[in-house]
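I have placed the structure first, in the form of structure tokens, so that the comments after it can refer back to it.
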């Protein structure tokens with residue numbers, strides 16, 4: 539997990555334990571995911587107005603361990619250097635904490651980084667989209683997920699590294715520490731805090747793609763450390779710890795979105811390493827991928843960038859009392875995970891694979907919600923495939939929604955809280 543100034547950057551979860559035992563052998567971050575136009579009434583302007591970045595107290599700086607780095611931790615640092623191919627430029631302050639101390643760290647960070655109003659609005663939008671059940675409190679779900687899943691974190695701005703364990707490392711703590719130490723060495727070389735610019739701009743797609751590179755690097759390196767330096771018995775212990783870890787009771791879509799940077803990020807970094815070695819991995823951290831499409835399809839990194847997509851303000855056409863509720867990217871990962879909630883995973887992957895850009899914009903009037911999701915596709919065939927898949931997805935659910943006829947390589951999908959609102963939205967759109 540890496541921790542930034544604003545909201546969540548990423549969290550190391552029990553996935554790192556499960557994946558360890560599988561059979562899988564100042565700089566620029568690049569352009570943000572685009573929205574156009576940017577003038578009054580545009581989706582970009584609405585997103586900027588809605589973006590709620592909390593004022594935070596500066597995170598505490600890391601403290602060098604008294605008496606020097608414990609031998610077991612120094613050993614893991616050396617293993618990370620060997621596997622990652624980068625030397626540490628300065629000492630990493632490492633703190634071992636108890637599970638209760640970790641839980642308190644998570645609670646404090648969550649309170650500072652997750653604005654209540656913003657997550658109330660997104661909860662309503664996502665329920666209307668049909669990706670979480672009606673009445674779901676997204677912020678509460680995320681808090682439940684993180685409180686039960688965090689094993690370590692690294693603070694980008696201060697270099698502070700905290701993990702659950704002691705200087706006498708268990709196999710699970712060994713892997714966790716290798717993950718976080720990879721963040722540290724990556725940060726020292728590539729200034730990972732540049733992700734904060736994406737967070738503070740509420741650039742959800744750009745942030746998720748950047749996390750894919752960051753967490754993918756940490757996953758890949760920690761897996762290599764586990765493979766090369768843990769015994770079979772120790773790997774078995776890691777698997778047993780993972781099996782015994784409680785699974786938070788959260789909506790499947792929430793769980794999948796939080797796991798995505800680790801799972802897809804690992805595959806992304808593994809592919810880069812396989813074709814271009816350490817230099818290719820370094821390039822992805824020097825200039826982050828700008829879309830989840832690039833992470834899902836490494837051959838599209840770095841040249842295939844999204845096209846600008848906009849949803850104009852339809853509040854005046856909807857009538858008095860309608861205001862912007864939420865604006866966010868509808869990236870390939872978002873659409874893939876969304877489709878996979880109701881369709882076969884293979885069909886979901888195929889229907890999302892031709893993505894070339896997308897956003898949704900939501901408005902509300904009391905309890906009534908209207909959403910336009912606008913997507914762009916590589917070809918008209920890709921657009922038709924998505925339109926058909928989304929039509930079947932809507933038919934498998936029970937919320938008011940409809941797919942408008944594809945316009946060349948563009949597809950609009952309308953969602954609403956009720957049938958009269960959907961009719962009004964169809965007329966407005």
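Numbering (the numbering used here), first residue to last: 539 to 967. Heads up, the beta-carbon is just placed ideally off N, CA and C, and yes, glycines get one too.
At a cut-off of 3 residues, not a single continuous stretch assigned as beta strand (DSSP E) sits fully inside the segment 716-765. Runs of alpha helix (DSSP H) with 4 or more residues, each lying fully within the segment 854-880, are found at 870-878, listed in chain order. Under the three-state reduction of DSSP, residue 845 is assigned to coil, being neither helix nor strand. Bridge partners of residue 945 according to DSSP: 948.
Boundaries of the alpha helix (DSSP H) around residue 614: 609-622.
The beta carbon of residue 911 is closer than 6 Å to those of 868, 898, 951 in its chain, skipping five residues each way along the sequence.
Assignment of beta-bridge partners to residue 913 by DSSP yields 896, 949.
The segment 866-884 makes contact with the segment 931-949, as at least three CB pairs between them are under 8 Å. Note: residue 940 is bridge-paired with 952 in the DSSP secondary-structure output.
As summarised for the segment 619-673, the continuous beta strand (DSSP E) elements at least 3 residues long and confined to that stretch are 632-635, given in chain order. As DSSP reads the structure, residue 702 sits in a beta bridge with 635.
Residues 852, 855, 856 of the same chain have their beta carbon placed closer than 7 Å to that of residue 966, with the five preceding and five following residues left out of the count. By the criterion of a C-beta distance shorter than 7 Å, residue 657 is surrounded in its chain by 676, 677, once the five residues flanking it on both sides are discounted. The beta-carbon separation of residue 913 and residue 948, rounded to 7 Å, stays under the 8 Å limit for a contact. For residue 797, there is no enclosing beta strand (DSSP E); the residue is found in the alpha helix (DSSP H) stretching over 790-824. Here residue 829 carries a coil assignment [DSSP, helix/strand/coil]. The three-state reading of DSSP puts residue 902 in strand, counting E and B together.
Of all alpha-carbon atoms in 681, 634, 620, the one lying nearest the alpha-carbon of residue 650 is that of 681. By the C-beta criterion, the segment 890-909 is judged to be in contact with the segment 951-965, since at least 3 inter-stretch pairs fall below 8 Å. In the pairwise beta carbon analysis, the segment 765-783 is classified as not touching the segment 661-673: fewer than three pairs are separated by under 8 Å.
Linking residue 582 to residue 896 through their CA atoms gives a straight-line distance of about 12 Å.
In this chain, the beta strand (DSSP E) harbouring residue 690 covers 690-693.
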